[in-house]
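Read the structure below first, then the notes.
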Amino acid sequence: MKSLTLHAATLAVSVWALAVPARALPSPKDSWIEVHTTSFTLFSEAGERKTREIGADLERLRDALSQLSPGLVLSSPTPTYIFVFRNAASFQPYQRTYNGKPLPSGGYFLGRQLANYVAINGNQHGDERAIIYHEYIHYLMYNNYGHLPLWLHEGLAEYYSTFQVASDEARVGLPIPEHVLWLRQHSFIPLATLFAVDERSPEYNESSRRGSYYAESWALVHYLI
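So the sequence shown is numbered by numbering that gives the first Met the number 0: it starts at 0 and just counts up by one.
Encoded structure:
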């Protein structure tokens with residue numbers, strides 16, 4: 000672990016500028032560090048301990064997937080940068096937008112020609128692991144299969160977000176209680192509508208409708224697997 004040098008800080012800001020519309024630069028008072036694991040580079044303002052935990056979680060998932068799916072390409076020909084923001088307020092200026100407003104989310108993945116980017120809010124009240132797993136699966140799917148249907152991308156990411164490892168055992172596809180509860184209390188989206196949703200659709204972007212989209216995509220992938 001090391002504090003960001005001027006060169007590294009410039010790199011972090013410049014690659015981020017390629018990924019999202021123009022935003023205000025981080026304050027010079029913000030304390031960012033650079034952490035390397037065997038497979039990942041993380042830029043973080045969430046503290047060394049939290050950052051190393053996130054890096055270790057990613058390495059565990061990567062190792063499990065290498066054994067579960069030996070043919071899966073786990074390394075991209077382009078670099079992958081992971082940005083860990085301190086909290087929701089710090090992350091908010093760099094969120095994706097919809098109709099000119101920031102989209103509230105715990106994280107997102109962007110695949111671009113020159114690099115891949117993962118950004119997460121590092122303060123998710125214990126849910127950081129599920130979020131980083133979700134976004135890493137987006138990276139793997141993009142790297143291996145290109146542009147899959149959105150419902151399949153999100154469904155697979157949610158399916159693997161509950162990954163757990165203990166001793167010599169790994170578990171995938173565990174229930175997501177929030178999705179189960181949502182599906183019990185709300186009407187299902189017609190499959191034709193679910194399959195037609197893209198990144199510009201209200202079902203994917205509006206807070207009041209995203210719960211159904213994510214829950215049903217997860218349930219359908221879980222059923223198919």
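We put the CB at the ideal spot given by N, CA and C, even for glycine.
Three-state secondary structure (DSSP) of residue i
i, result
"Val72", "coil"
"Glu33", "strand"
"Pro201", "helix"
"Ile119", "strand"
"Thr192", "helix"
"Pro174", "coil"
"Gly106", "strand"
"His133", "helix"
"His152", "helix"
"Arg128", "helix"
Length of the line joining the Cα atoms of residue i and residue j
i, j, result
"Leu67", "Ala218", "21 Å"
"Ser30", "Val83", "12 Å"
"Gln163", "Leu173", "9 Å"
"Lys28", "Glu44", "11 Å"
"Phe90", "Gly70", "35 Å"
"Gln184", "Glu153", "21 Å"
"Phe42", "Pro76", "20 Å"
"Tyr212", "Ile131", "20 Å"
"Arg170", "Ser207", "31 Å"
"Leu223", "Glu157", "14 Å"
"Glu127", "Leu151", "22 Å"
First through last residue of the alpha helix (DSSP H) which encompasses residue i
i, result
"Gln112", "First-last for Gln112: undefined, no H or E at that position."
"Gln66", "47-67"
"Leu147", "Careful: Leu147 lies outside any alpha helix (DSSP H) and carries neither H nor E."
"Ser207", "206-223"
Same chain, Cβ closer than 7 Å to residue i, five either side skipped, listed in chain order
i, result
"Thr37", "Glu58"
"Leu155", "Ile136, Met140, Val220"
"Asn120", "Phe84, Asn86, Ala87, Phe90, Gly105, Gly106"
"Phe187", "Glu215"
Continuous beta strand (DSSP E) stretch holding residue i: start and end
i, result
"Glu168", "168-170"
"Tyr80", "79-84"
"Leu41", "40-43"
"Gln91", "Unbroken run through Gln91: none, as it is neither H nor E."
Residues of its chain near residue i, where Cβ-Cβ distance is below 6 Å and the 5 sequence neighbours each way are ignored
i, result
"Gln225", "It is not possible to answer for residue 225, since the shown part of the chain is limited to 0 through 224."
"Val117", "Ile81, Phe108, Glu134"
"Tyr138", "Phe108, Asn115"
"Ser166", "none"
"Lys49", "Gly121"
"Trp110", "Inspection of the sequence shows that residue 110 is occupied by Gly rather than by Trp. Cβ within range, chain order: Tyr141."
"Gly210", "Trp181"
Own chain partners of residue i with C-beta closer than 8 Å, once the 5 adjacent residues on each side are dropped
i, result
"Asp197", "Leu149, Tyr203"
"Arg61", "Ser38, Leu73, Tyr135"
Residue(s) in a DSSP beta bridge with residue i
i, result
"Pro27", "Answer by DSSP bridge pairing: none, since Pro27 is not bridged."
"Pro101", "Thr96"
"Gln163", "Arg170"
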